[in-house]
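Chemist: Its first residue numbered 0, the sequence shown is counted upward by one per residue in numbering that gives the first Met the number 0.
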Amino acid sequence: MFTIVDKVFRIVPDVLREQGKAKSVPNVDAGSGALLYHFGMKEFSYYTVLFSVSRAMGMCSQLIVNRAIALLSNGRNRYHQVDQETGAQQA
Numbered sequence: 000m001f002t003i004v005d006k007v008f009r010i011v012p013d014v015l016r017e018q019g020k021a022k023s024v025p026n027v028d029a030g031s032g033a034l035l036y037h038f039g040m041k042e043f044s045y046y047t048v049l050f051s052v053s054r055a056m057g058m059c060s061q062l063i064v065n066r067a068i069a070l071l072s073n074g075r076n077r078y079h080q081v082d083q084e085t086g087a088q089q090a
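1. Mind checking whether the beta-carbon of M0 lies closer than 6 Å to any heavy atom of the ligand GTP?
2. Are the beta-carbon atoms belonging to A33 and V52 less than 7 Å from one another?
3. Note the first and the last residue of the continuous alpha helix (DSSP H) segment covering Q61.
4. In three-state DSSP terms, what is A33?
5. For Y46, collect the residues of the same chain with a Cβ closer than 7 Å to its Cβ; drop the 5 residues on either side in sequence, then sort them by chain order.
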């Protein structure tokens with residue numbers, strides 16, 4: 000599996016550049032697609048849906064973690080932080 004993904008990241012960028020389709024290397028979805036295919040997911044039309052759902056789940060989980068530690072994604076401290084050891088609120 001690793002060899003397939005490695006070959007994709009070494010060979011595909013040159014092919015795409017020759018055709019004028021891309022300026023950089025394939026994104027992480029190239030590796031995910033190889034794994035999906037390896038484990039039997041041969042319905043290519045679902046790949047984009049799976050990639051989108053997995054990214055949305057990642058963003059939602061990050062939002063929940065940020066809220067749990069009382070921080071917003073943009074770094075502004077809108078809520079009071081709670082000291083993990085003492086449980087006291089910090090301004």
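The C-beta atom is built at its ideal place from N, Cα and C for all residues, glycine as well.
Modeler: Reading off the structure:
1. For the ligand GTP, the structure offers nothing, since it holds no ligand at all.
2. Against a cut-off of 7 Å, the Cβ pair of V52 and A33 comes out as no contact.
3. Y46 to A67
4. helix
5. Around Y46, the same chain offers G32 and L35 as residues with beta carbons nearer than 7 Å, after the five sequence neighbours per side are excluded.
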